[in-house]
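*Asks:*
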Amino acid sequence: MATFTNKSIPSLSRIGNRFFPKSCSLMGVSLTSRDVSSSLNTSSATSSTDGANVMISTIKPISSTPRHYHNMTTSSSNTKKPSSTYSFLRNKVTMPFDVEPGQEYVSPYSDFFSNIEAGRSSLGTTEAMEQKAGQLQEQYLECGIPESELRFRTVSYGRFALPPYVSPGEHRVTVKVALSAIPLRDEEREVLLQIVGSRYNAEKKELQLSSEKFASRIENKRHLVGMIEQIVLNSRKLAQEFSEEDAKKVAA
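Residue numbers for the sequence shown follow our numbering, beginning at 6 and rising by one.
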């Protein structure tokens, strides 16, 4: 027995000669369009051929009216009230660490952060790790200028497309240092200003030097640092010589 449902026959009202020709065979049973048309007028029809039964069941087509399985009512009586879990949206939440105004709250777990902050790494000695991070990072040049006072800026122009590819002017590095960051006396500062000339910006009170002598950015930085050290050291040396000459003139 072969049963036709809405899965195998989508809509019986559309079945006709277009779907079933005048004669077709299902499971070895001969079936004609007359059998199909006669089965459309009844709830079920059975045809027998050679002792085999073929039953065609008609099923109501799916209704076009949408079915809503959720509650569509909008009355205030059926509106779900907010749970007490979300009460913090309406009322102020009282946290366990709230204290009265003017009082300081001390957490019993405040030592955790102190222990984490005091944790030592595998680098450095015990004495070095006990120092502050700022003291560890602060380094000075030979002339006494802190490295943190040096402000570098690099402009890259790119490399050549043909050999030798690398050019001396590939990177232009500029360094700026405030005049107040250079440990000099008044007479030494006057000598330094005469040495640098227009490289000193009087409005910003800072010294500006640039270098593009090397193709490496780091080498240009080292060259600028060396220039600053030589300028400061020679300023002190010349100032000392000038003071000695003045002392000789006064003595004479």
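C-beta: ideal position from N, C-alpha, C; glycine also.
Run through DSSP, which three-state label would residue 188 get?
*Replies:* Your numbering for residue 188 matches position 183 in the sequence shown. Reduced to three states, the DSSP call for residue 188 is coil.
*Asks:* Compare the C-alpha of residue 181 against each of 240, 109, 244, 159 and name the closest.
*Replies:* Here residue 181 refers to the residue found at position 176 of the sequence shown. The option with the nearest alpha carbon to residue 181 is 159.
*Asks:* What are the boundary residues of the alpha helix (DSSP H) that residue 248 is part of?
*Replies:* By one-based count along the sequence shown, residue 248 stands at place 243. 222–256 is the span of the alpha helix (DSSP H), which, as asked, contains residue 248.
*Asks:* Give me the Cβ distance between residue 193 and residue 244, rounded to the nearest whole Å; I'm assuming they're in contact under 8 Å.
*Replies:* Within the sequence shown, residue 193 is the residue found at index 188, counting from 1. Within the sequence shown, residue 244 is the residue found at index 239, counting from 1. That belief holds up - the Cβ atoms of residue 193 and residue 244 are roughly 4 Å apart, short of 8 Å.
*Asks:* Distance check for residue 231 and residue 173, CA to CA, integer angstroms please.
*Replies:* For the purposes of this step, residue 173 is taken as residue 168 along the sequence shown, with counting starting at 1. For the purposes of this step, residue 231 is taken as residue 226 along the sequence shown, with counting starting at 1. Computed Cα separation, rounded: 18 Å.
*Asks:* Measuring alpha carbon to alpha carbon, tell me which residue in 189, 176, 214 is nearest residue 224.
*Replies:* By 1-based counting over the sequence shown, the position of residue 224 is 219. Out of 189, 176, 214, 176 has the C-alpha closest to the C-alpha of residue 224.
*Asks:* Which of the three DSSP states, helix, strand or coil, is assigned to residue 144?
*Replies:* In the sequence shown, the residue the question calls residue 144 occupies position 139. Here residue 144 sits in coil by DSSP.
*Asks:* Can you check which of these residues, 170, 233, 255, is closest to residue 216 by C-alpha distance?
*Replies:* As a working mapping, residue 216 is identified with position 211 in the sequence shown. Here the closest residue by C-alpha is 233.
*Asks:* Could you check which residue in 211, 239, 113, 236 has the C-alpha nearest to that of residue 155?
*Replies:* Numbered from 1 along the sequence shown, position 150 holds the residue referred to as residue 155. Cα-wise, what sits closest to residue 155 is 211.
*Asks:* By Cβ distance below 6 Å, which residues in the same chain neighbour residue 161 in space, the five residues on each side in sequence not counted?
*Replies:* Taking the first residue of the sequence shown as 1, we reach residue 161 at position 156. Cβ within range, chain order: 176.
*Asks:* So, under 8 Å CB-CB, residue 206 and residue 199 are touching, yes? Tell me the CB distance rounded to an integer number of Å.
*Replies:* On the sequence shown, residue 206 is found 201 positions in, with the first residue counted as 1. On the sequence shown, residue 199 is found 194 positions in, with the first residue counted as 1. In fact, because the Cβ distance is near 16 Å, the residues do not count as touching under 8 Å.
*Asks:* Nearest by alpha-carbon distance to residue 196: which of 143, 220, 238, 166 is it?
*Replies:* In the sequence shown, counting from the first residue as 1, residue 196 sits at position 191. The residue with the shortest Cα to Cα distance from residue 196 is 238.
*Asks:* Report the rounded CA-to-CA distance for residue 249 versus residue 255, giving the unit in angstroms.
*Replies:* Taking the first residue of the sequence shown as position 1, residue 249 is located at position 244. Taking the first residue of the sequence shown as position 1, residue 255 is located at position 250. Looking at the two C-alpha atoms, the distance is approximately 10 Å.
*Asks:* Using a Cβ-Cβ cutoff of less than 6 Å, which residues in the same chain neighbour residue 292 once the five nearest sequence positions on both sides are dropped?
*Replies:* This structure cannot settle anything about residue 292, because the visible part of the chain is limited to 6 through 257.
*Asks:* Based on Cα-Cα distance, which residue from 229, 191, 220 lies nearest to residue 204?
*Replies:* Indexing the sequence shown from 1 puts residue 204 at position 199. For the residues 229, 191, 220, the minimum Cα distance to residue 204 belongs to 229.
*Asks:* Look at the alpha carbon of residue 169 and the alpha carbon of residue 220, and state the distance between them as a whole number of angstroms.
*Replies:* Here residue 169 refers to the residue found at position 164 when the sequence shown is read from its first residue. Here residue 220 refers to the residue found at position 215 when the sequence shown is read from its first residue. Whole-angstrom Cα-Cα distance: 12 Å.
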